[in-house]
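**Student:** Numbering (our numbering), first residue to last: 5 to 417. For every residue, glycine included, the Cβ atom is placed at its ideal position computed from N, Cα and C.
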């Protein structure tokens with residue numbers, strides 16, 4: 005069954021140069037008075053409304069803007085419990101420290117499978133209702149072999165990409181070296197069938213540089229893609245390790261020096277101007293809602309883009325430091341407070357997230373269709389705004405602008 009969505013006032017395609025370009029022949033960017041044809045879960049045609057082919061059904065966008073669905077490449081959705089008191093204390097001036105993770109760990113371990121499954125489904129539904137169509141989430145609130153494996157299984161049922169984060173925090177009372185051995189051995193073996201990625205919180209109060217190196221090496225050798233939580237609470241080794249290990253992303257990146265930015269920029273030297281044949285480097289994923297919630301310095305997204313680093317924007321939805329799945333809010337913040345243009349922010353929250361998950365290419369390959377961009381053969385993930393342009397995301401901050409959402413060709417809102 006094919007669907008024609010026409011009379012689109014502004015269409016942000018975000019597709020790669022040289023791959024699956026629109027039928028109109030225009031390059032990446034914005035099309036006016038545009039149309040898209042969906043055929044099952046794939047995009048079958050993109051171009052001008054006047055040139056659109058016939059389809060089985062038609063949806064009149066009535067001049068509204070269409071974006072790729074948000075690609076949220078960093079979230080922590082498998083949890084139980086509440087950390088309102090911690091948030092209130094932080095707003096009263098208490099500094100954020102990584103130890104609060106332990107509160108969530110206790111509540112998550114105590115919750116039943118059914119309760120965690122219900123909570124996870126509700127959080128995914130909230131994200132989708134706000135325009136998110138591709139979603140990563142992590143383990144990391146189990147911190148014990150059985151509980152981490154349970155989190156991985158539950159996450160794999162509900163989201164598109166699962167990341168192993170046994171190296172989130174050393175549990176209270178555990179020996180750090182012995183726990184690192186557990187993360188690199190039995191725990192990794194238990195979660196490996198259910199995850200595609202591994203992450204480590206390389207930060208004061210979490211994992212040292214040497215411990216992080218051990219985790220990354222073990223997970224790489226197990227065939228997992230790599231991510232790093234780095235440079236959130238202060239200067240550190242996170243960025244250096246991420247680049248050294250060829251990690252797909254390093255996330256948070258609040259405290260960067262010139263050497264960190266240069267290392268990230270150098271990792272993109274083989275990117276071939278963003279063409280489909282380029283070899284991706286390490287994406288810098290910024291988490292604006294987390295920065296606001298922790299009252300941390302905003303990540304230097306503007307400086308990273310200016311240096312040639314590919315940037316992603318994600319929600320970091322979690323109970324302690326960013327209890328929101330609204331990528332729209334994060335995009336608004338990036339424009340109003342981080343110095344990005346609207347199109348730069350939209351690109352970071354769509355194509356940038358796909359790049360951080362290495363799902364930016366793959367036209368018409370079963371199970372591997374590209375997300376985060378609108379082009380022939382890519383997955384039919386669309387976010388229709390109740391506004392004539394994406395600029396309204398920042399121009400009308402906080403307003404509920406999501407009008408309709410298609411996820412893999414199915415309308416879900």
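Name the residue from 292, 382, 371, 323 whose alpha carbon lies nearest to the alpha carbon of residue 352.
**Tutor:** Answer by Cα proximity: 292.
**Student:** Could you say which of 405, 413, 284, 168 lies nearest to residue 380 if we only look at CA atoms?
**Tutor:** Nearest option by C-alpha distance: 413.
**Student:** Using the three-state DSSP reduction, which class does residue 8 fall into: helix, strand or coil?
**Tutor:** Note: residue 8 maps to strand in three-state DSSP.
**Student:** Count the other C-beta atoms from every protein chain shown that fall within 10 angstroms of the C-beta of residue 419, then say buried if there are 16 or more, exposed otherwise.
**Tutor:** Given a span of 5 to 417 for the chain in the structure shown, any question on residue 419 remains unanswerable.
**Student:** Which residues in the same chain as residue 189 place their Cβ atom closer than 7 angstroms to its Cβ, once the five residues preceding and following it in sequence are excluded?
**Tutor:** So no residue of the chain qualifies.
**Student:** Taking the DSSP output, what are the residues bridged to residue 206?
**Tutor:** Answer by DSSP bridge pairing, in chain order: 211, 234.
**Student:** Skipping 5 residues on each side, what residues in its chain have a beta carbon closer than 6 angstroms to that of residue 30?
**Tutor:** In this predicted model, residue 30 has a pLDDT of only 38, less than 50, meaning its place in the structure is not dependable; the value taken from the coordinates is given anyway. Closer than 6 angstroms at Cβ, skipping near neighbours: no residue.
**Student:** Assign residue 342 to one of two classes, buried (16 or more other C-beta atoms within 10 Å of its C-beta) or exposed (fewer than that).
**Tutor:** Residue 342 should be labelled buried.
**Student:** Would you tell me roughly how many angstroms separate the C-alpha atoms of residue 46 and residue 12, rounded to the nearest one?
**Tutor:** Answer to the nearest angstrom: the Cα atoms are 18 angstroms apart.
**Student:** Please report the distance separating the alpha-carbon of residue 397 from that of residue 391.
**Tutor:** Distance between the alpha carbons of residue 397 and residue 391 is about 9 angstroms.
**Student:** Would you mind reading off the limits of the beta strand (DSSP E) that contains residue 255?
**Tutor:** Element bounds for residue 255: 253-256.
**Student:** So which of 209, 128, 40, 116 has the shortest CA-CA distance to residue 331?
**Tutor:** Selected option, being the one with the closest Cα: 128.
**Student:** Taking the runs of the alpha helix (DSSP H) that are 4 residues or longer, which of them lie wholly in the segment 88-145?
**Tutor:** Qualifying alpha helix (DSSP H) stretches, in chain order: 88-95, 105-114, 117-133.
**Student:** Measuring straight from C-alpha to C-alpha, what distance separates residue 112 and residue 202?
**Tutor:** Distance between the alpha carbons of residue 112 and residue 202 is about 20 angstroms.
**Student:** Just to check my reading of the structure: residue 135 and residue 406 have Cβ atoms closer than 8 angstroms, yes? What is that Cβ distance to the nearest angstrom?
**Tutor:** Between residue 406 and residue 135 the Cβ distance is about 5 angstroms, and since that is below 8 angstroms, they are a contact.
**Student:** Put residue 381 into one of helix, strand or coil per three-state DSSP.
**Tutor:** Coil.
**Student:** Mind pulling the beta strand (DSSP E) runs of 3 or more residues that sit fully within the segment 255-326?
**Tutor:** Listed in chain order, the complete beta strand (DSSP E) runs (minimum 3 residues) inside the segment 255-326 are 287-290, 315-317.
**Student:** Within the chosen definition, does the segment 44-61 reach the segment 320-330 through at least 3 CB pairs nearer than 8 angstroms?
**Tutor:** No: the two stretches stay apart, fewer than three of their Cβ pairs being nearer than 8 angstroms.
**Student:** Can the beta-carbon of residue 76 be found closer than 9 angstroms to that of residue 145?
**Tutor:** The answer is no: Cβ separation not under 9 angstroms.
**Student:** Taking DSSP as the reference, what is the three-state secondary structure of residue 364?
**Tutor:** Coil, per DSSP.
**Student:** In the DSSP assignment, the beta strand (DSSP E) including residue 76 goes from what residue to what residue?
**Tutor:** Residues 74-76.
**Student:** If you count every other CB in all the chains shown that lies within 10 Å of the CB of residue 304, and 16 or more means buried, which is it?
**Tutor:** So residue 304 counts as buried.
**Student:** Can you give the Cα-Cα distance for residue 3 and residue 130, rounded to whole angstroms?
**Tutor:** With the chain covering only 5 through 417, there is no way to say anything about residue 3.
**Student:** With which residues is residue 414 paired in a DSSP beta bridge?
**Tutor:** According to DSSP, residue 414 bridges with 411.
**Student:** Let me know the secondary structure DSSP gives residue 225 once reduced to three states.
**Tutor:** Note: residue 225 maps to helix in three-state DSSP.
**Student:** Taking the alpha-carbon of residue 366 as reference, which of 374, 359, 299 has the nearest alpha-carbon?
**Tutor:** If we check each option's Cα against that of residue 366, 374 comes out closest.
**Student:** Does the distance from the C-beta atom of residue 324 to that of residue 36 stay below 9 angstroms?
**Tutor:** Contact: no.
**Student:** With 16 as the cutoff for other CB atoms within 10 Å, does residue 385 come out buried or exposed?
**Tutor:** Residue 385 should be labelled buried.
**Student:** Return the CA-CA distance between residue 267 and residue 244, expressed in angstroms with no decimal places.
**Tutor:** Whole-angstrom Cα-Cα distance: 7 angstroms.
**Student:** Whose C-beta lies closer than 8 angstroms to the C-beta of residue 65 among residues of the same chain, with five residues either side of it excluded?
**Tutor:** Taken in chain order, the residues that qualify are 9, 10, 11, 12, 13, 388.
**Student:** Leaving out the 5 sequence neighbours to the left and right, which residues in its chain are closer than 7 angstroms to residue 123 when beta-carbon positions are compared?
**Tutor:** Hits under 7 angstroms: 84.
**Student:** Measure the C-alpha to C-alpha separation of residue 355 and residue 316 and round it to an integer number of angstroms.
**Tutor:** So the alpha carbons of these two residues sit roughly 8 angstroms apart.
**Student:** If contacts are defined as beta-carbon pairs under 8 angstroms, then residue 141 and residue 163 qualify, I think. What distance do you get, rounded to the angstrom?
**Tutor:** Indeed, because the Cβ distance is near 5 angstroms, the residues count as touching under 8 angstroms.
**Student:** Between the alpha carbons of residue 415 and residue 239, how many angstroms are there, rounded?
**Tutor:** Whole-angstrom Cα-Cα distance: 44 angstroms.
**Student:** Compute the Euclidean distance between the alpha carbons of residue 376 and residue 72, then round it to the nearest angstrom.
**Tutor:** Cα-Cα distance, rounded: 6 angstroms.
**Student:** Secondary structure at residue 63, three-state DSSP: helix, strand or coil?
**Tutor:** Looking at residue 63 - three-state DSSP - the assignment turns out to be strand.
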